[in-house]
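*Asks:*
In our numbering, the protein residues as written are 79 to 355.
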């Protein structure tokens, strides 16, 4: 069967979470063999400059782009001491890992709500202050920070509108949004008109027909295997002027137990199907 003709202005990527049990090197090889144009690595899987050097060779062999590193987690409401440690580790990440991989995007996700509730004003202030710290540090290394809201009710920033407000008010050139179709669905929002230069990356996945408050990451499925209106979403995305990567990001254990090459091949095939002109 011939591949569908897809819009060349959008590029395809595979997130390492889709094949999480694999070593990062094996993941990159399989993504390259499947025909993806880019990959997203998990930070914890790229633990040293030496490992990044090995991965760089694989990326060059397959013509792959290191689209992003995922993710700086729990940065926004963690203790000051934990945030200071995160900043120190992140500077090394920017300098050693991103530089070696030629990767200019690191994804940051907000904290989940603490047991002791914080006011909305406190959440906004702390998230804004810490996003500024990360983005200004990243700028010194030529790195961008992609802020990704999580649509779960227990996440401190769980709506696109709130994430965009923070990014817009900070107005830093290297700070933008990562939009995930699963989390957008959980939030109950539609994709609003956004400046395309502020959308740094898009995660594409599908979900079964379940009540939003019952959906978990483990329910993510391949594009087209669920009920999300992905064609409509991509139409709206194109109207914003976005011309970047679309990355398949699944956290589904059933896929982890399948043959990895089959999963990668199906991920590309289903992504290209919804991208078909």
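Glycine included, every Cβ here is placed at the ideal spot set by N, Cα and C. Since the structure is predicted, the reported quantities are computational estimates derived from the model, not experimental observations.
Kindly indicate which three-state DSSP category residue 263 falls into: helix, strand or coil?
*Replies:* In the chain shown, residue 263 corresponds to position 185, counting from 1. Residue state, collapsed to three classes: helix.
*Asks:* Kindly identify the DSSP beta-bridge partner or partners of residue 118.
*Replies:* As a first step, residue 118 is located in the chain shown; it is residue number 40 there, counting from the start. Residue 118 has 93 and 146 as its beta-bridge partners, per DSSP.
*Asks:* Can you say whether residue 325 is buried or exposed, counting buried as having 16 or more other CB atoms within 10 angstroms of its CB?
*Replies:* On the chain shown, position 247 is the one that residue 325 refers to. Flag for residue 325 reads buried.
*Asks:* Less than 7 Å separating the Cβ of residue 350 from some heavy atom of the ligand GDP?
*Replies:* Ligands in the displayed structure: none, and consequently the ligand GDP is not present.
*Asks:* Under the rule that 16 or more other beta-carbon atoms within 10 Å means buried, what is residue 271, buried or exposed?
*Replies:* Your numbering for residue 271 matches position 193 in the chain shown. The residue in question, residue 271, is exposed, as its Cβ has fewer than 16 Cβ neighbours within 10 Å.
*Asks:* For residue 322, count neighbouring C-beta atoms within 10 Å of its own C-beta (all shown protein chains included) and say buried if the count is 16 or more, exposed if not.
*Replies:* The residue you call residue 322 lines up with position 244 of the chain shown. Its Cβ being crowded by 16 or more others within 10 Å, residue 322 is buried.
*Asks:* Which same chain residues end up closer than 7 Å to residue 261 when comparing Cβ atoms and leaving out the 5 residues on each side of it in sequence?
*Replies:* Within the chain shown, residue 261 is the residue found at index 183, counting from 1. Annotation for residue 261: 227, 228 and 229 place their beta carbon closer than 7 Å to its own, counting only its chain and skipping 5 residues before and after.
*Asks:* At what residue ranges does the stretch 261 to 301 contain a whole run of the beta strand (DSSP E), taking only runs of 3 or more?
*Replies:* 277 to 282
*Asks:* Below 8 Å, can you find three or more Cβ-Cβ pairs linking the stretch 212 to 225 to the stretch 244 to 259?
*Replies:* yes
*Asks:* Run the CB neighbour count on residue 138, radius 10 Å, all protein chains shown included, and call it buried at 16 or more, exposed below.
*Replies:* Counting from 1 along the chain shown, the entry for residue 138 is found at position 60. With fewer than 16 Cβ atoms within 10 Å of its Cβ, residue 138 is classed as exposed.
*Asks:* State the DSSP-derived secondary structure class of residue 79, mapped to helix, strand or coil.
*Replies:* Along the chain shown, read from residue 1 onward, the residue named residue 79 stands at position 1. Confidence at residue 79 is low in this model, with a pLDDT of 46, below 50, so the placement of that residue should be treated as unreliable; the coordinate-derived value is given next. If DSSP states are grouped into helix, strand and coil, residue 79 belongs with coil.
*Asks:* If you follow the beta strand (DSSP E) that residue 324 is in, where does it begin and where does it stop?
*Replies:* Counting from 1 along the chain shown, the entry for residue 324 is found at position 246. It spans 323 to 326 - the beta strand (DSSP E) in which residue 324 sits, taken as one unbroken run.
*Asks:* Please classify residue 148 as buried or exposed, where buried requires at least 16 other C-beta atoms within 10 Å of its C-beta.
*Replies:* For the purposes of this step, residue 148 is identified with residue 70 of the chain shown, where counting begins at 1. In the assembly as shown, residue 148 is a buried residue. Its beta-carbon has 16 or more other beta-carbons within 10 Å.
*Asks:* What runs of the beta strand (DSSP E), each 3 residues or longer, lie entirely inside the stretch 214 to 242?
*Replies:* Every unbroken stretch of the beta strand (DSSP E) spanning 3 or more residues and falling wholly within the stretch 214 to 242 is given here in chain order: 222 to 225.
*Asks:* Can you check DSSP and say which residues form a bridge with residue 389?
*Replies:* Here the chain has residues from 79 to 355 only, and residue 389 is not among them.
*Asks:* What are the partner residues of residue 185, as DSSP defines its beta bridges?
*Replies:* Position 107 of the chain shown, counting from 1, holds the residue named residue 185. Answer is 224.
*Asks:* Among 334, 170 and 263, which one has its Cα closest to the Cα of residue 125?
*Replies:* Here residue 125 corresponds to residue number 47 of the chain shown, with the count starting at 1. Ranking the options by Cα distance to residue 125, first place goes to 170.
*Asks:* Start and end of the alpha helix (DSSP H) containing residue 171?
*Replies:* In the chain shown, residue 171 corresponds to position 93, counting from 1. Here residue 171 belongs to no alpha helix (DSSP H), and DSSP marks it neither H nor E.
*Asks:* Which class does residue 153 belong to by DSSP, given the choice of helix, strand or coil?
*Replies:* Along the chain shown, one-based indexing puts residue 153 at 75. The answer is coil: DSSP assigns residue 153 none of H, G, I, E or B.
*Asks:* From what residue to what residue does the alpha helix (DSSP H) around residue 138 run?
*Replies:* Here the question's residue 138 lines up with position 60 in the chain shown. Run containing residue 138: 127 to 140, per the alpha helix (DSSP H) assignment.
*Asks:* How about residue 269 and residue 308: are their beta carbons less than 8 Å apart?
*Replies:* As a working mapping, residue 269 is identified with position 191 in the chain shown. As a working mapping, residue 308 is identified with position 230 in the chain shown. Not closer than 8 Å, so no.
*Asks:* Run through DSSP, which three-state label would residue 329 get?
*Replies:* Your numbering for residue 329 matches position 251 in the chain shown. Coil at residue 329, not helix or strand.
*Asks:* Provide the residue span of the alpha helix (DSSP H) that contains residue 113, from first to last.
*Replies:* Taking the first residue of the chain shown as 1, we reach residue 113 at position 35. Residue 113 -> no alpha helix (DSSP H), and no H or E assigned at all.
*Asks:* Taking only three categories from DSSP, how would you classify residue 354?
*Replies:* Taking the chain shown and counting its residues from 1, one reaches residue 354 at position 276. Residue state, collapsed to three classes: strand.
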